[in-house]
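Peer 1: There's a structure below that I have some questions on.
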Amino acid sequence: MTRLIIKPKNRTDICGICNAAELILMKMKKERKTLIQMTEIEQEYIRLFRIHYYEAASQRSSMHEAIFNLKPCQAVIIADFKENFQAEYKRDQESQEFFKKHPVTCLSFEVHIMSAKQQHIKVVYTILSKCLTHIAQFVIRALRRIFREPEFRGLTALHWWSDGAGHFRNTALLDVLLEKRKGKQMLLNCEINVSYFCAAHGKSECDSCFGYFSRLLNQSTPVDGINSLQDLSFRFMSQCITVSPPPSLCLDALFTSWYKAP
Numbered sequence: 001m002t003r004l005i006i007k008p009k010n011r012t013d014i015c016g017i018c019n020a021a022e023l024i025l026m027k028m029k030k031e032r033k034t035l036i037q038m039t040e041i042e043q044e045y046i047r048l049f050r051i052h053y054y055e056a057a058s059q060r061s062s063m064h065e066a067i068f069n070l071k072p073c074q075a076v077i078i079a080d081f082k083e084n085f086q087a088e089y090k091r092d093q094e095s096q097e098f099f100k101k102h103p104v105t106c107l108s109f110e111v112h113i114m115s116a117k118q119q120h121i122k123v124v125y126t127i128l129s130k131c132l133t134h135i136a137q138f139v140i141r142a143l144r145r146i147f148r149e150p151e152f153r154g155l156t157a158l159h160w161w162s163d164g165a166g167h168f169r170n171t172a173l174l175d176v177l178l179e180k181r182k183g184k185q186m187l188l189n190c191e192i193n194v195s196y197f198c199a200a201h202g203k204s205e206c207d208s209c210f211g212y213f214s215r216l217l218n219q220s221t222p223v224d225g226i227n228s229l230q231d232l233s234f235r236f237m238s239q240c241i242t243v244s245p246p247p248s249l250c251l252d253a254l255f256t257s258w259y260k261a262p
């Protein structure tokens, strides 16, 4: 049945190292050359690519292993920012309305939890905000907000995964996550480990959530449109099972989606 799969016309967000190596390998095949016959620079690039590819595959495997081997009262959290939404959304737009749209930040945390009763629970927390600064302090405040949810109570171990972007890979966030002093910890009596995906290989389960949000906006925009952040959040909330009240200040809306494994 794989013959029925249609190849995409375009590829986006490709890793620069992998793409360059792919071009070199295609050149080798086209010119019927071996690696030894290529230039020294091309040989060195392929050598670095092999290391890069191994590191990317190893990190990806480690993430899946962490999820599959969860023990009771342990969790894995995957964080990612989506490209900003643009509100307003209308089916019919006048000529200048496109330029009046307001960007909205979208930050999602996908969490796999093994409960004390050995039930694997998958929860997606999504924060929408008018705050457009993707910095460590925004991520820290978002984390403090979701860690108040009941699913995090009683956890003894948490494994953090994200890409290596500056808003995730910085000393401010690491200091907060790895804090050991009692009374200063984000989660009481919970050991937190931090891991990052290999550079340019940060695709995660969060991206499937972002794709779902985009399809909602493209396929089911109401007749009267989406004219504000509140309209946008309520539109997403209507597709989710559990809704939490909006936190204060820069975090304007939080909603959760639940997936429970048997």
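When you line the sequence shown up against the UniProt record's numbering, it's residues 1 to 262, in that order.
C-beta: ideal position from N, C-alpha, C; glycine also.
Computed from a prediction, not measured in an experiment: that's the story for all the values here.
#1: Give me the residue from His201, Gln185, Leu158 with the minimum Cα distance to Val76.
#2: Taking the alpha carbon of His167 as the point to measure from, which residue in Gln59, Lys82, Gln74, Leu23 has its own alpha carbon closest?
#3: Can you have a look at His64 and say buried or exposed, based on whether 16 or more other CB atoms are within 10 angstroms of its CB?
#4: DSSP beta-bridge partners for Phe81?
#5: Taking a contact to mean a Cβ-Cβ separation below 8 Å, would you say Thr156 touches Asn189 in this structure?
#6: Is Ala116 closer than 8 Å to Gly164 when the C-beta atoms are compared?
#7: Identify which residue in Ser61, Glu42, Thr34 has its Cα closest to the Cα of residue 276.
#8: Report the partner residues of Glu191 according to the DSSP bridge assignment.
#9: Would you mind sorting Ala136 into buried or exposed? The rule is 16 or more other CB atoms within 10 Å of its CB.
#10: What are the boundary residues of the alpha helix (DSSP H) that includes His64?
#11: So what's Gln74 in DSSP terms, helix, strand or just coil?
#12: Taking the beta carbon of Arg145 as the centre, do at least 16 other beta carbons fall within 10 Å, making it buried, or is it exposed?
#13: Just verifying my parser: in three-state terms, what is the DSSP assignment at Leu217?
#14: Put Ser162 into one of helix, strand or coil per three-state DSSP.
#15: Alpha carbon to alpha carbon, how far is Phe68 from Gln118? Give it in angstroms, no decimals.
#16: Who does Tyr196 pair with in a DSSP beta bridge?
Peer 2: Quick answer:
#1: Here the closest residue by C-alpha is Leu158.
#2: Cα-wise, what sits closest to His167 is Lys82.
#3: So His64 ends up on the exposed side.
#4: Per DSSP, Leu107.
#5: Cβ distance < 8 Å, so Thr156 and Asn189 count as in contact.
#6: Not in contact: Gly164 and Ala116 (Cβ atoms no closer than 8 Å).
#7: There is simply no residue 276 to check, as the chain begins at 1 and stops at 262 in what is shown.
#8: Answer is Ala157, bridged to Glu191.
#9: A residue is called buried once 16 or more other Cβ atoms fall within 10 Å of its Cβ, and Ala136 is buried on that count.
#10: Looking at the DSSP string, the run of the alpha helix (DSSP H) that includes His64 is 40-68.
#11: Reduced to three states, the DSSP call for Gln74 is strand.
#12: It is buried - the Cβ of Arg145 has at least 16 other Cβ atoms within 10 Å.
#13: Residue state, collapsed to three classes: helix.
#14: Here Ser162 sits in strand by DSSP.
#15: Rounded to the nearest angstrom, the gap between the Cα atoms of Gln118 and Phe68 is 12 Å.
#16: Residue pairing of Tyr196 in beta bridges, as defined by DSSP: Ser162.
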